[in-house]
Amino acid sequence: MNIIFTDILPFNLEIIADGGQAFRWNRQEDGRYIGVIENNVLKVIQNDDELRIDSNADNKQTEPLKKYFDLYRDYNQIERELLRYEELIPAVRYCSGYRILFQDTWETTISFIISANNHIRNIKKTIENICRIYGNPIEHKGETYFSFPSPNVLAGLSEDELRLTKCGYRAKYIIETAKMVASGKIDIYGLKKLSTADIRKELMMLPGVGRKVADCIMLYSMRKFDAFPIDVWIKRVLEQIYFNGRKMSLAKLQNFAEKRFGDRAGFVQQYLFYYSRSCWSDIK
DNA sequence: AACCAGGTTATAA
DNA sequence: TTATAACCTGGT
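In terms of the numbering used here, the first sequence opens at residue 1433 and continues consecutively.
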């Protein structure tokens, strides 16, 4: 089926798909992005203020796609709010059109366990390996794609098997986390109604999930916009902008961001992350 | 050849 | 509470 959303601005597909929040979008030569969401293959292209989506799904439902791309939210207002922070103006201008996707909690959890101490290229490759070997095939226009495997499937693997996907020492974290989810020891989909602090505490019971990964899971799959994942880039850029380049502990930076940005922190993190990675030499 | 990269965990002061 | 080392992998 084909769907066209119009009047989507601010919206920047390139930054949204390649900005480090999702790992299963791939850019083609023609500028289209192909991704697998749940059991659907999506081919997406943006032309100015319209978004064309070609999907293998046969129903005409647009709500799930609008939710996934966060099209219900007024990003004009969010960008306006963030521009009131004078020091964020360059970042917000540069990344205008960034949106926080609404992704599946299970896939996001495993994806960000894999992301710890890892490069985006490796993360994407490992996730594709996992889907290809353990996911379900999806046929679309003569090509085969693969869904993300269920908790049950991953829970049944041995560490040596899973290491073939190149996830390295994270294999045991993934399997143990899968066991906890599959057994019902933790209900990751039921957490959303709790407070950010409470969800964080629960998520960090999962092996391989520390503060940063927990905040990514909440921000990208639970709409918890006060979550503020601090990775090396965010740490660097915060130290540069707010602390004269002095080294700060993660705890101090977390505290600072929470106080300064409140329930907009997650959006700030997105803009700062992409901007600092793209333009570090300008900031420094 | 050594070092680093989108952290977490275990251990010690 | 804060500091340090080890950890798979792939690239320079």
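Cβ coordinates follow ideal geometry from the N, Cα and C atoms, glycine included. What you are looking at is a predicted structure, and each value in this text was computed from that prediction instead of being measured.
* **Nearest-angstrom Cα separation, counted from S1528 out to F1657** => Our two residues, F1657 and S1528, have alpha carbons roughly 18 Å apart in a direct line.
* Taking C-alpha atoms, which residue in D1647, G1463, R1696 lies nearest to L1514? -> Nearest option by C-alpha distance: R1696.
* Which class does V1664 belong to by DSSP, given the choice of helix, strand or coil? -> Helix.
* Asked: Pick from N1584, M1636, R1512: whose alpha carbon is nearest that of K1611?
  -> N1584
* Whole angstroms is fine: what's the gap from S1627's alpha carbon to L1445's? => Those two C-alpha atoms are separated by around 30 Å.
* What are the start and end residues of each continuous alpha helix (DSSP H) run of 4 or more residues lying completely inside the region 1609-1641, in chain order? -> 1628-1635
* Asked: For N1561, does the three-state DSSP call read helix, strand or coil?
  -> The three-state reading of DSSP puts N1561 in helix, counting H, G and I together.
* To do: Classify D1480 as buried or exposed, calling it buried when 16 or more other Cβ atoms lie within 10 Å of its own Cβ.
  => exposed
* Identify every residue that forms a DSSP beta bridge with Y1577. => Beta-bridge pairing links Y1577 to I1570.
* Asked: Between I1440 and L1503, is the Cβ-Cβ spacing less than 8 Å?
  -> yes
* **Residues near I1485 by beta carbon distance below 8 Å, same chain, minus five either side** => Excluding sequence neighbours, I1485 sits near N1434, I1435, I1436, F1437, L1474, K1475, V1476, L1497.
* Asked: Taking the alpha-carbon positions, what's the Q1535 to Y1621 distance?
  -> 12 Å
* To do: Check N1479 in the structure and name its three-state DSSP category.
  => Note: N1479 maps to strand in three-state DSSP.
* Asked: Comparing alpha-carbon positions, which option in S1543, R1709, I1565 lies nearest I1555?
  -> S1543
* Per-residue DSSP class, three states only, for D1462 -> coil
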